[in-house]
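Under my numbering, think of the first position of the sequence shown as 160, with each following residue one higher.
The next block holds one structure in the form of structure tokens; read it before the comments.
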Amino acid sequence: MSSTFKSEKKSALNYLNQIKEIVGPENVLIDPERIIDYSHDESTQTEWPRLPEVVVTPTSTQEVASLMKFAFEAEIPVTPRGGGTGLSGGCIPLKGGIVLSLEKMNRILQVDLANQMASVEAGVTLGELIQAAEEAGLAFPPHPGDESAQIGGLIATNAGGSRAVKYGGIRNYVRGLEVVLPSGEILHLGGKIVKSSSGYNLMHLFIGSEGTLGIITQAIIQLLPAPALCRSLVIPYDDLEKAIETVPAIIQAKILPLAIEFMEKDVINITEEYLKKTWPSRIGQTDLLIILEASDEDELDRLSQKVADVCLNRGALDILVADTSSKQQQILEIRSKIYEAIKPVTVEILDIALPRSEISAHVRRVKEIESEVSLWLPTFGHAGDGNVHTHITKVYRQGNQLVQLEESIWKEKAARVKKMIYEDGLSRGGVLSGEHGIGVIKKAEFLQFTETAQLEFMRQIKKIFDPKGILNPGKILD
Ligand SMILES: Cc1cc2nc3c(=O)[nH]c(=O)nc-3n(C[C@H](O)[C@H](O)[C@H](O)COP(=O)(O)OP(=O)(O)OC[C@H]3O[C@@H](n4cnc5c(N)ncnc54)[C@H](O)[C@@H]3O)c2cc1C
């Protein structure tokens, strides 16, 4: 792997002394063995990772601002990085230059009980925010990503997660942002307020902008009252479509679960084997995992009974209840590690978001493509909010065995399958990414499938904030 940065004049290495002066030598890395960790994220593609020239870990907003002012004048590319858990290649430094990692800006500045909001630096992790909220008797209920993801990264990708069906994505929780622009100017947007009709809402422009418009240095996050009781139901079906078709019926029965996930038994079995843990249901082909939330046990019993009635009427084979916290943890761990378990054979994880009513037909089409092209396409996701994660793999299924294909064959099949799946998803009113972002991995399709006029407005917005194109170049747009 090598840096692709071409121009000697603009190489960050030529400016090492000035960079060290701005952030202190202890916050500058150039050692290849250390900077390699900053060359990739958690996506599976091998063609994108690039080495940065310099990794900088500032400790204050002022340092970020001074560094950006310097990089802007010297025209050095800067790529912001959070926890590196992204799945679209968003934090990969495609043009070399500087990776600006927020890892040392990780202070929880305040948990404000009166306003039920937390003020945090961008490098605080999701796990740390959840813990701080709990310690204050409050909660951060959405679970929008891997727990080592940072608040800045979660906001920059507008992350979603399995609880979006009830609580929405991260956008719904951001009340204020401090952002450093490529020029070094600092903006303070929003605040500890719930409402605002005060001019164009620039804050929401930065949410989901994937580090291409500005660097998020601090955020004010809405918290909610302490969590209610939870119960997980695992509901097996002999057929994937039947399982998914139950989801609108649950919502129509006026039940809004915390999460409704669907997953097929083959990926569950692989993950059980990977983790050496056991999933509660052994029958059927596909399971729904429904997490209910209520203020007391009686309410949980009433909701569980209603869900059971709807599901059993629609072909569910059984209703398995995880009512202790250790059983719930085991189920959630298996669900959250599926990606890790199948990562070695995954070429790309898709992230299509569809109207809920279209998921079943879309997944049926994915299954047809799987058999037409002979490529294993494990598909699971957030049935409650219409976000489907089809995994394009390098293998095909022969009975219970997964058979590896030659590289040239899986590459050709993967490209074909991706096009077919996107065409189907978008024709049903879907979008390319529900929660992972465009980054570099979905850029070609984003440019292909988005209205020209929309792309033009996005390019103009990018130019306003980043006239020299130094911030996260090569992402979302060219
Ligand atoms: C096992 C696993 C499970 C996951 N589950 C989910 C899930 O349920 N839902 C979901 O939505 N995602 C999920 N993800 C994806 C990932 O956790 C999210 O995309 C997350 O938001 C990325 O945050 P990060 O801090 O790791 O960002 P990074 O990967 O470091 O960066 C992501 C993007 O944000 C930009 N960025 C980072 N920090 C800043 C900043 N301070 N200012 C400006 N731009 C910045 C980067 O430039 C890049 O474009 C999962 C990933 C894994 C590996």
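Note that the Cβ used here is the ideal one computed from N, Cα and C, for glycine as well.
Please read these numbers as outputs of a predicted model, since none were measured by experiment.
- The beta carbons of G319 and E594 sit closer together than 8 Å.
- Here T538 is not near V554, since their CB atoms are 8 Å or more apart.
- Beta-bridge partners assigned by DSSP to F624: none are found.
- Membership of V466 in the alpha helix (DSSP H) is indicated by the continuous run 456 to 472.
- Each of E404, I497, L509 was checked against the Cα of V469, and the nearest Cα belongs to E404.
- According to the DSSP secondary-structure assignment, R240 is paired through a beta bridge with S260.
- Looking at W438, T483, A453, the one whose alpha-carbon comes closest to that of I497 is W438.
- Among the bridge pairs identified by DSSP, P384 is matched with L297.
- Take the alpha-carbon of G543 and the one of A453: they are about 18 Å apart.
- In the pairwise beta carbon analysis, the stretch 342 to 360 is classified as not touching the stretch 295 to 312: fewer than three pairs are separated by under 8 Å.
- Collapsing the DSSP output to three states places I635 in coil.
- Counting the other CB atoms within 10 Å of its CB gives A277 a total of 16 or more, which places it among the buried residues.
- By the Cβ test, the stretch 621 to 629 is not in contact with the stretch 267 to 286, since fewer than three Cβ pairs between them sit closer than 8 Å.
- In this structure, T376 is the residue among T371, T376, G327, S342 with its C-alpha nearest to the C-alpha of L348.
- Residue nearest to L226 within the set S440, Q177, T483 is Q177 (criterion: CA-CA distance).
- Apart from the 5 residues on each side of it in sequence, V590 sits with its Cβ closer than 6 Å to the Cβ of A512 in its chain, given in chain order.
- DSSP, reduced to helix, strand and coil, places L513 outside both helices and strands of the structure shown, so it counts as coil.
- The beta carbons of K325 and L451 sit no closer together than 8 Å.
- One alpha carbon belongs to I194, the other to Q381, and they sit about 34 Å apart.
- Across the structure, L340 and S219 are spaced so that their CA atoms are roughly 15 Å apart.
- In the DSSP assignment, S202 falls outside any alpha helix (DSSP H), carrying neither H nor E.
- Between ligand 1 and A281, a heavy atom-to-CB distance of less than 7 Å is present.
- Per DSSP, H363 is one residue of the alpha helix (DSSP H) stretching across 361 to 365.
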